[in-house]
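Residue numbers (this note's numbering): 1 to 434.
The following block contains the structure:
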């Protein structure tokens, strides 16, 4: 203001200053363009002040004013102050108005995809790319109508993505970010109903009707938004589709870290890894070092020392993740990996890690059984399993060796009452050739 005062001597009236300024501008051989953007983001009083200022100096020669604003929001601000004026107030100030065209849909989509790739990276394979594009066109793109929408999404992702990078499915993450920004009622409903959305429908009794479940979420939304919301829900949560999925699909979805699994659902909403899952970096590090016996032993011993909120150690969690990702472990690593587990099986057995309840039978011994079956039965023949297990038993701890021996005998010699009464029964594949 001190700088400006030099050009406006004290004592001169506003009219005299205006005449002097007009004369100076009129003598210029150039014109001046004043741009004022985002007027619609001001409060009603502030927006009206800007319009009045433009009107008051609008007669200055060689000066033009370009005002950029959302007409609907600006007219609403004016109406709040002058109900009888409405759009006529702006017509008295603005000599010529132009409606900016919306960007071409394919241009906006390309800009969105480019921004997502720069923040989150590219899909790893064709299957992941195919699923991402399906979700993009059905769940993400419909909510992005203007460059401002894309800017809002990009700013939000720039903050939230680093906290969960690689720990969530990219397509699911972006879709939920879009809902959080543009359809918050649906987002909050999803966040509060994990049990309704995750997993697959029960095959017993077929009590669940997908259409009724979807209506539970749609009834809170405006009518015009429901069709889009329905499509988004079905894309993200297979349980709501009119297709029956077996429980085996859940394991595949867990490996992909999708929002439709209970194990990974919460990560999408608290923007951090919970104690019910391992980070993808931990899993990949274990898989890459699965052939190093000392690494395997130390990993399980460290997992034993970490106690989660439910009172269990991290050992059950490590076995669960290894079961999900067993196919990624190279076959030549089976021998040292299984031998290392056999050598510490008693050390990592913990009563507090046992499942609770009348129908629960899981403990860390049983988790080892599940894992080595998953690892070897489809990828090794009987002779190959024999060699692996014989070698592993040489240094196995005695408690586990007793449990393992009992299981192999049970597999090789099925109970007579079962085999005697079942026609063409399938005898379980034996661990070991007695």
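Just so you know, even glycine gets a beta-carbon here, dropped at the ideal spot from N, CA and C. The structure displayed is predicted, hence computed values, not measured ones.
Report task. Kindly list the residues whose CB is nearer than 7 Å to the CB of residue 289, restricted to its own chain and excluding five residues on each side of it in sequence; keep chain order. Result -> Cβ within range, chain order: 295.
Query raised in the report: Does the Cβ-Cβ distance between residue 385 and residue 376 come in under 8 Å?
Result: yes
Query raised in the report: Alpha carbon to alpha carbon, how far is residue 66 from residue 12?
Result: 30 Å
Report task. Under 6 Å Cβ to Cβ from residue 256, same chain only, skipping five residues before and after it: list those, please. Result -> 169
Query raised in the report: Leaving out the 5 sequence neighbours to the left and right, which residues in its chain are closer than 8 Å to residue 213 when beta-carbon positions are compared?
Result: Within the same chain, residue 213 has close Cβ partners 196, 239, 240.
Query - Enclosing beta strand (DSSP E) for residue 259 [first to last residue] - result: No beta strand (DSSP E) holds residue 259; DSSP gives it neither H nor E.
Query raised in the report: Cα separation between residue 53 and residue 33?
Result: 15 Å
Report task. Taking only the alpha-carbon atoms, compute the straight-line gap between residue 205 and residue 79 and give it to the nearest angstrom. Result -> Per-residue confidence for residue 205 stands at a pLDDT of 47, beneath the threshold of 50, marking its modelled position as unreliable; no derived number is given.
Report task. In the DSSP assignment, find the beta strand (DSSP E) that holds residue 34 and state where it starts and stops. Result -> That run of the beta strand (DSSP E) goes 32-36.
Query raised in the report: Measuring CB to CB, does residue 308 end up less than 8 Å from residue 314?
Result: At the C-beta level, residue 308 and residue 314 come within 8 Å of one another.
Requested in this report: Label residue 81 either buried or exposed according to how many other C-beta atoms from any shown protein chain fall within 10 Å of its C-beta, with 16 as the threshold for buried.
Outcome: exposed
Report task. Return the CA-CA distance between residue 217 and residue 318, expressed in angstroms with no decimal places. Result -> 35 Å
Requested in this report: In the DSSP assignment, find the alpha helix (DSSP H) that holds residue 365 and state where it starts and stops.
Outcome: 364-376
Requested in this report: Report yes if the CB atom of residue 397 is closer than 8 Å to the CB atom of residue 343, and no otherwise.
Outcome: yes
Query - Residues that DSSP places opposite residue 63 in a beta bridge - result: 32
Query raised in the report: Quick one: Cα of residue 335 to Cα of residue 405, how far?
Result: 18 Å
Query - Cβ-based neighbour list, residue 429, same chain, cut-off 8 Å, excluding 5 preceding and 5 following - result: The predicted position of residue 429 is uncertain, since its pLDDT is 48 and thus under 50; no value can be drawn from it.
Query raised in the report: Just how far apart, CA to CA, sit residue 234 and residue 248?
Result: 19 Å
Query raised in the report: Near residue 293, what residues of its chain come up, given a Cβ to Cβ distance below 7 Å and the 5 sequence neighbours on each side ignored?
Result: 336, 339, 340.
Query raised in the report: Given residue 333, which residues of its chain have a CB within under 7 Å of its CB, disregarding the five upstream and five downstream residues?
Result: 290, 291
Report task. State the DSSP-derived secondary structure class of residue 313, mapped to helix, strand or coil. Result -> strand
Query raised in the report: For the alpha helix (DSSP H) that contains residue 109, what are its first and last residues?
Result: 105-120
Query raised in the report: Can you give the Cα-Cα distance for residue 209 and residue 128, rounded to whole angstroms?
Result: 29 Å
Query raised in the report: Who are residue 307's beta bridge partners in DSSP?
Result: 313
Query raised in the report: Helix, strand or coil: which one does DSSP assign to residue 338?
Result: helix
Requested in this report: Flag this pair as yes or no: are the beta carbons of residue 183 and residue 111 separated by less than 8 Å?
Outcome: no
Query - Alpha-carbon spacing of residue 176 relative to residue 84, whole angstroms - result: 42 Å
Query raised in the report: For the alpha helix (DSSP H) that contains residue 255, what are its first and last residues?
Result: 248-255
Query raised in the report: Beta carbon of residue 77, beta carbon of residue 90: below 8 Å?
Result: no
Query raised in the report: Applying the criterion that 16 or more other CB atoms from any shown protein chain within 10 Å of the CB defines a buried residue, is residue 219 buried or exposed?
Result: By the 10 Å Cβ count, residue 219 comes out exposed.
Query raised in the report: Helix, strand or coil for residue 130 per DSSP?
Result: Helix at residue 130.
Query - Touching by the beta-carbon criterion (3+ pairs, under 8 Å), the stretch 121-135 and the stretch 148-155 - result: Result no; under three Cβ-Cβ pairs closer than 8 Å.
Requested in this report: Please state if the CB of residue 166 and the CB of residue 280 are separated by a distance shorter than 8 Å.
Outcome: The answer is yes: Cβ separation under 8 Å.
Query raised in the report: Helix, strand or coil: how does DSSP classify residue 18 here?
Result: helix
Query raised in the report: How long is the line joining the alpha carbons of residue 56 and residue 18, rounded to whole angstroms?
Result: 10 Å
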